[in-house]
Ligand code: NAP
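Numbering (my numbering), first residue to last: 870 to 1366.
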């Protein structure tokens, strides 16, 4: 239980999406986050509270790896095989494997030769560092990567180590955060239904729409106001206006570096020179300040990444930085085959593997169902609505899958499966709507948003279902209201509307 928040326990972990919209089911559980941007431990505790509240632990198989999920035609059931030798049978499967779950290590020559301690940021070894990082005192620690994870943990490492070396390939854009405790007066004034309203308002403002009120009012929601490229209607802006607005926003980010970082060389190296959404924006009030400390060295690799890792440490520009411990904050696999990332194969009707079916790109109907894979819902961001607030999308997809399952259980049919035609039409729509983003990705600096600069037709097919801010959710809702199950093939007793 907890996913991201179970695995990621690095020091400083927090969610940079506001907790009142990010943490689900607050009203249902009667819980109020303690801060505008909750820390990881609080979010993880909330995940467990949800599981307790809905009695999910009773049927959960914890510490269980799925090895394979195979469709059995004779019984219209999925057979789920696990590392414990289980063979579980399920009429429906819903796959919520996470978008970034498989830790990625850099392919740096010599990575296996380092004699000191290494670990990935999502597998933090507190046995080694101490709960409060006290065991790092007197140590030379290196961290590779400067994405959202590193931005949050670097200030803590700097405070705990004798010397910290931050190996940077590309600087992140780091905007203001301004975290604060939850205001009791504000809480007391909230009326039932406040969270859904706030989530909807945030979704509209961060996905290109406009609203009279900005309930969250933070750096995320201000981006839409500043960047016409983010607006669904583009507000009549020309390509020139869009480019200029983007440049102005990035100038603001770069000016903040100049204001905070004293050392001129470090400040120049920390300035991001790319379009705003080329990389995942970051927000932090202590990260840049860390580079003013005497015990912190920024080792900028000017976009090239570190040269080599040796027994003693990390080599950049021929200089060896000797280390006791090296931490990889190098992110997670993105854009590789879905089943490679889940760690198990999905084998559908006729023995067809999902990996083979998706060899040339993701194919879904409604970003959830795939032809050849009946009674299966693949919850992922591919071909589903754009959001920066992932629990919002999970809620939209889970509600939709639950509705279809309830319909089938109520006698609608034994098997429900995306029809080839409906799937093809959904794929075509996704591809057509991603034209502008695909073009922009081409001009961006490499990163996981554009498959390290190698985005191709397959990457484009796995895009979001771009559209108006809540269009994806609205399409699914309208489809449920219509109720004729158009786009799904229904088989078995009770089949047919
Ligand atoms: P990430 O954003 O993928 O960043 C990985 C970092 O490692 C980047 O700086 C990257 O450099 C660097 N890197 C990767 N391969 C490298 C190589 N071969 N040599 C040198 N450097 C290399 O990973 P993350 O920071 O762990 O974040 C993962 C996901 O979690 C992101 O989607 C992030 O938004 C999310 N996250 C969210 C929050 C939140 O508060 N909501 C907090 C943390 C993380 P380049 O930039 O040059 O590619």
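Ideal placement from N, C-alpha and C gives every residue a C-beta, glycine not left out.
Between the beta-carbon of residue 1160 and that of residue 1139 there is about 7 Å, and that keeps the pair under the 8 Å contact cut. Annotated as proximal: residue 1172 and residue 1039, with beta-carbon spacing under 8 Å. Check the Cα spacing between residue 1144 and each of 992, 1315 and 904: the tightest is with 1315. Each residue's CA atom was taken as its position, placing residue 1033 and residue 1010 some 5 Å apart.
For residue 1290, the enclosing alpha helix (DSSP H) has its first and last residue at 1289-1302. Rounded to the nearest whole angstrom, the C-alpha separation of residue 1202 and residue 1018 is 15 Å. With a cut-off of 7 Å, the C-beta of residue 1049 is classified as distant from the ligand NAP, since no heavy atom of the ligand falls inside that distance.
Between the segment 1147-1164 and the segment 1320-1330 there are fewer than three C-beta pairs closer than 8 Å, too few to call the two in contact. Scanning the segment 978-1021 from its first residue to its last, the whole alpha helix (DSSP H) runs of 4-plus residues come out as 995-998.
Short note on residue 1313: C-beta not closer than 7 Å to any heavy atom of the ligand NAP. Beta-bridge partners assigned by DSSP to residue 1151: 1043. The Cβ-Cβ distance between residue 1196 and residue 990 falls below 8 Å.
Beta-bridge pairing by DSSP links residue 1360 to 1284. The alpha carbon of residue 1210 has as its nearest neighbour, out of 1283, 1287 and 970, the alpha carbon of 970.
Secondary structure of residue 1185 (DSSP, three-state): strand.
Between residue 1356 and residue 1230, the gap from beta carbon to beta carbon reaches 8 Å or more. Judged by DSSP in its simplified three-state form, residue 1239 adopts strand. The residue among 899, 998, 935 and 870 with its C-alpha nearest the C-alpha of residue 929 is 870.
Taking a contact as a CB-CB distance under 8 Å, the pair residue 1262 and residue 1250 counts as one, their CB atoms being some 7 Å apart. The C-alpha of residue 947 lies about 32 Å from the C-alpha of residue 1335.
Collapsing the DSSP output to three states places residue 1344 in a helix.
With a cutoff of 8 Å on beta-carbon distance, residue 967 and residue 1078 are scored as not near each other.
Inclusion of residue 1038 in the 7 Å shell around the ligand NAP follows from its C-beta lying nearer than that to a non-hydrogen atom of the ligand. Using a Cβ distance threshold of 8 Å, residue 1339 and residue 1092 do not count as a contacting pair. Annotation: the continuous alpha helix (DSSP H) that includes residue 1275 extends over 1259-1276. The straight-line gap separating the alpha-carbon atoms of residue 935 and residue 918 is approximately 24 Å. Residue pairing for residue 1106: DSSP places it in no beta bridge. Shortest Cα-Cα distance from residue 1299 to any of 1246, 1235 and 1361 involves 1235.
In the structure shown, residue 1169 falls within a strand segment according to DSSP collapsed to helix, strand and coil. Residue pairing by DSSP places residue 972 opposite 1201 in a beta bridge. Taking non-hydrogen atoms of the ligand NAP into account, the C-beta of residue 1013 is found less than 7 Å away from one of them. In the DSSP annotation of this structure, the continuous segment of the alpha helix (DSSP H) that includes residue 873 starts and ends at 873-876. Per the coordinates, the alpha-carbon of residue 1222 lies some 37 Å from the alpha-carbon of residue 885. Boundaries of the alpha helix (DSSP H) harbouring residue 891: 888-891, taken from the DSSP string.
Contact between residue 1198 and residue 1012 holds, since their C-beta atoms are separated by about 6 Å, short of 8 Å. Non-local C-beta neighbours of residue 1307 in its own chain, meaning closer than 6 Å and more than five positions away in sequence, comprise 1329, ordered along the chain.
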